[in-house]
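Numbering-wise, full-length UniProt numbering puts 232 at position 232 of the sequence shown, and it's gapless, one number per residue. Let me begin by presenting the structure, written as structure tokens, before commenting on it.
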Amino acid sequence: MPLDFQQLSQQIHQMGEQAVEREERIRQHREQALHILQEVQHQAEQLREQVRQAAAMNPFLRCAIPGDENLLMRHTVAPRSAPATVLAADGSQIIPDRHAPVLFGVVNIGSLVMHVGSGETPQQAVETRLLGYDVVYTPEGVIGEDVVQLMRDSRERTYLADLAEREPAPVFTLTDGPLEPFVRDINSRPDLKRLFNDYLQALRRMCASGICAAGYVDKPGSDLLVRLLELSLLGAGELKEAGKLRPLQGVSDAALLRDLLQPGERSAIFGIQSPSAGLFPGRLGLRFFYLNVGQTGRPWLARVEIPAWVEENAEMIDQLQAVLVEQAQIMGSQPYPYILHRAHEIAVVTYEERRQVEELLAGELIRRGLPAGEVSRKQFAKDITGKRTRYS
1 MPLDFQQLSQ QIHQMGEQAV EREERIRQHR EQALHILQEV QHQAEQLREQ
51 VRQAAAMNPF LRCAIPGDEN LLMRHTVAPR SAPATVLAAD GSQIIPDRHA
101 PVLFGVVNIG SLVMHVGSGE TPQQAVETRL LGYDVVYTPE GVIGEDVVQL
151 MRDSRERTYL ADLAEREPAP VFTLTDGPLE PFVRDINSRP DLKRLFNDYL
201 QALRRMCASG ICAAGYVDKP GSDLLVRLLE LSLLGAGELK EAGKLRPLQG
251 VSDAALLRDL LQPGERSAIF GIQSPSAGLF PGRLGLRFFY LNVGQTGRPW
301 LARVEIPAWV EENAEMIDQL QAVLVEQAQI MGSQPYPYIL HRAHEIAVVT
351 YEERRQVEEL LAGELIRRGL PAGEVSRKQF AKDITGKRTR YS
């Protein structure tokens, strides 16, 4: 049945009323957060100790960790000093579906290499990997979305390392999203642990070769810095409540900083306190900063995640900032790194392509005298109600 728009209109009206109240509450919280940020901007060492103590009491605590820079530091973008090689990779996947006639998966990686300042045409490539029976079926059952997504993330990073090691320095590698893959129960899942170790190995290779790695998060909703400010309000006897008491709830870091950072400017660099922080040891430790890639009067903030070895190199940080601002400006009024946009276009798997792979696999089975399988009755019924045009 179609949506009942009469019911929806009433609920939309209610949401509008609630939105007005929520916006006013967030505005007040943002003013409080800005005031706190002003007060603690020089207290990095004290805040680091508070985070350490709070994390000992709450291992699930997630917040920013101050670095060596003033918390209100604004770093202006410097012109790119020399030609640079910029690489981006993006992945798309087909998740094994028991309702499909043939059980299979695909990991598709698209990449683009740009020699910025050379005038050369960007080089694009794609790597398509079919996940057959030996991968899809495991002793625990058919692999799920979590495994395939980590396969994609691991392959993205390894593919970039392979490409980057063949390019002249300086080399900047970009991926869309955080550097920290989302994985649960990794220590109790050998399959995920193996893939995650491959991911870390790719980062180690980049570190050893002096290659810049960065993850670009567009329109970030995270509140890591805001959570740090909330923690700063707690006394020594209250630190066990860190992450649970949320007096500034609703304010994102981007909302907090949007009027402070001018176009092209970045924030201070912070560490990340999280349950998985220990999975990134030493120079692989994760850091982040916010970058305004927007225009005057139209701020647009992104969160940029980098490993510790990149933070150690001030020149690399400056050049990364310049590269990201340049790339975002290519997209005009909708700032987003052009090279990431193109990598996504190369990698994306359409629903029609998924159907074609199914047909090819079914045809191969039939030629070998094997049954091709059938779509589930549930999926058949869903398919006749409407057509899908895109798989992922």
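Positions of the beta carbon are idealized from the N, C-alpha and C atoms, including for glycine.
In the pairwise beta carbon analysis, the stretch 81 to 89 is classified as touching the stretch 169 to 180: at least three pairs are separated by under 8 Å.
Rounded to whole angstroms, the gap between the alpha carbons of Tyr290 and Lys219 is 11 Å. Thr158: member of the alpha helix (DSSP H) spanning 145 to 164, first to last residue. Per DSSP, the beta-bridge partners of Ala89 are Ser111. Rounded to whole angstroms, the Cβ separation of Leu131 and Val102 is 12 Å, and the two are not in contact under 8 Å. Sequence-distant Cβ neighbours of Phe60 in its own chain, meaning closer than 6 Å and more than five residues away, are Pro275.
If you look at Asp198, you'll find it in the alpha helix (DSSP H) that goes 190 to 209. Under the DSSP assignment, Tyr336 falls outside any alpha helix (DSSP H); it carries neither an H nor an E label. Cβ atoms of Val293 and Val325 come within 8 Å of each other, at about 6 Å. Going by C-alpha positions, Leu112 is about 11 Å away from Tyr159. The continuous stretches of beta strand (DSSP E) do not include Val348, and DSSP gives it neither H nor E. For Ala372, the secondary structure class from DSSP, reduced to helix, strand or coil, is coil.
Annotation: the continuous beta strand (DSSP E) that includes Glu127 extends over 123 to 131. Close CB contacts of Ala214 within its chain, under the 8 Å cut and outside five residues either way in sequence, are with Phe172, Thr173, Leu174, Thr175, Leu179, Val304, Glu305, Ile306, Val310, Leu320, Leu324 (chain order).
Membership of Leu324 in the alpha helix (DSSP H) is indicated by the continuous run 314 to 330.
Residues of the same chain with a CB within less than 7 Å of the CB of Leu248, apart from the 5 flanking positions on each side, are His29, Gln32, Ala33, Val226, Leu229, Glu230 in chain order. Rounded to the nearest whole angstrom, the C-alpha separation of Thr76 and Pro181 is 30 Å.
Assignment of Phe182 by DSSP, reduced to helix, strand and coil, places it in the coil class. Three or more Cβ pairs closer than 8 Å define a contact, and the stretch 49 to 67 falls short of that threshold against the stretch 139 to 159. In the structure shown, Arg298 falls within a strand segment according to DSSP collapsed to helix, strand and coil.
Burial check for Arg355: the Cβ neighbour count within 10 Å stays below 16, so the residue is exposed. Within the same chain, Val107, Asn108, Ile109, Gly110, Arg152, Asp153, Arg155, Glu156, Ala347 come within 8 Å of Gly91 by CB-CB distance, once the 5 residues on both sides are set aside. In chain order, Val293, Pro335 place their CB closer than 8 Å to the CB of Gln329, counting only its own chain and leaving out the 5 sequence neighbours on each side.
The three-state reading of DSSP puts Gly177 in coil, since its state is none of H, G, I, E or B. A residue is called buried when at least 16 other Cβ atoms come within 10 angstroms of its Cβ; Arg287 meets this threshold and is buried. In the DSSP assignment, His75 forms a beta bridge with Arg266.
Assignment of beta-bridge partners to Arg227 by DSSP yields no partner. CA-CA distance, Thr296 to Glu265, rounds to 12 Å. For Arg52, the enclosing alpha helix (DSSP H) starts and ends at 44 to 57.
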